[in-house]
Structure formats: C-alpha cells, structure tokens
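Enquirer: Take a look at this one; I'll ask things after.
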Amino acid sequence: MTQVDILKRAAEGLGGAERLAAFLDVPAAELGAWMAEKRTPPQDVVAAAFDVIALEIEPAEHSA
C-alpha cells in the first residue's frame, strides 16, 4: 500500500478528504497535493492516516 493509497483509504473511512484534512490538522489544499502525488506527505501524517485505517477511529476520538 502506497502513501497515497493510505491517504485515500483514510479519507474514504472518514467521509472525504475535507474530513481527513481536518482530522490531520492540515490544509485541504496540502492534502490534495499529497493525494495527487505532487508533494510527499510527512511521515507523521501518513502514520496518522494509517491509524485511521487500522483502528477505524472516528474524528471525535482523536486527541492530538
């Protein structure tokens, strides 16, 4: 699974890219650039997105 796959699957799990951006506390435009493979996302962002997939957590359960 690539970094982009992880981001896309996490976005799907949370109900869209806007929700994932809010969950990750990153600008939606930046997330879009990562998902379009125009930029490389930081490892901590990929790890947090992977946690969404692995743990199937809801945004309200995230405590940064």
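Sequential numbering from 1368 applies to the sequence shown in this note's numbering.
Cβ atoms here follow ideal geometry from the backbone N, Cα and C, with glycine treated the same way.
Because the structure is a prediction, the values reported are computed rather than measured.
Output yes or no for whether 8 Å exceeds the beta carbon distance between ARG1406 and ALA1415.
Expert: On the sequence shown, residue 1406 is found 39 positions in, with the first residue counted as 1. On the sequence shown, residue 1415 is found 48 positions in, with the first residue counted as 1. Result no, Cβ atoms of ARG1406 and ALA1415 do not sit closer than 8 Å.
Enquirer: Skipping 5 residues on each side, what residues in its chain have a beta carbon closer than 8 Å to that of MET1402?
Expert: Locating residue 1402 in the sequence shown gives position 35, where the first residue counts as 1. Contacts found: VAL1371, LEU1374, LYS1375, ALA1378, ALA1384.
Enquirer: Consult DSSP for MET1402 and reduce its assignment to one of helix, strand or coil.
Expert: The residue labelled residue 1402 in the question sits at position 35 within the sequence shown. Note: MET1402 maps to helix in three-state DSSP.
Enquirer: At which residues does the alpha helix (DSSP H) containing VAL1412 begin and terminate?
Expert: Residue mapping note: residue 1412 aligns to position 45 of the sequence shown, counting from 1. Run containing VAL1412: 1410-1422, per the alpha helix (DSSP H) assignment.
Enquirer: In angstroms with no decimal places, state the Cα-to-Cα distance between THR1369 and ASP1411.
Expert: The residue labelled residue 1369 in the question sits at position 2 within the sequence shown. The residue labelled residue 1411 in the question sits at position 44 within the sequence shown. One C-alpha to the other measures close to 15 Å.
Enquirer: Between GLU1423 and GLY1382, is the Cβ-Cβ spacing less than 8 Å?
Expert: In the sequence shown, counting from the first residue as 1, residue 1423 sits at position 56. In the sequence shown, counting from the first residue as 1, residue 1382 sits at position 15. No. Outside cutoff.
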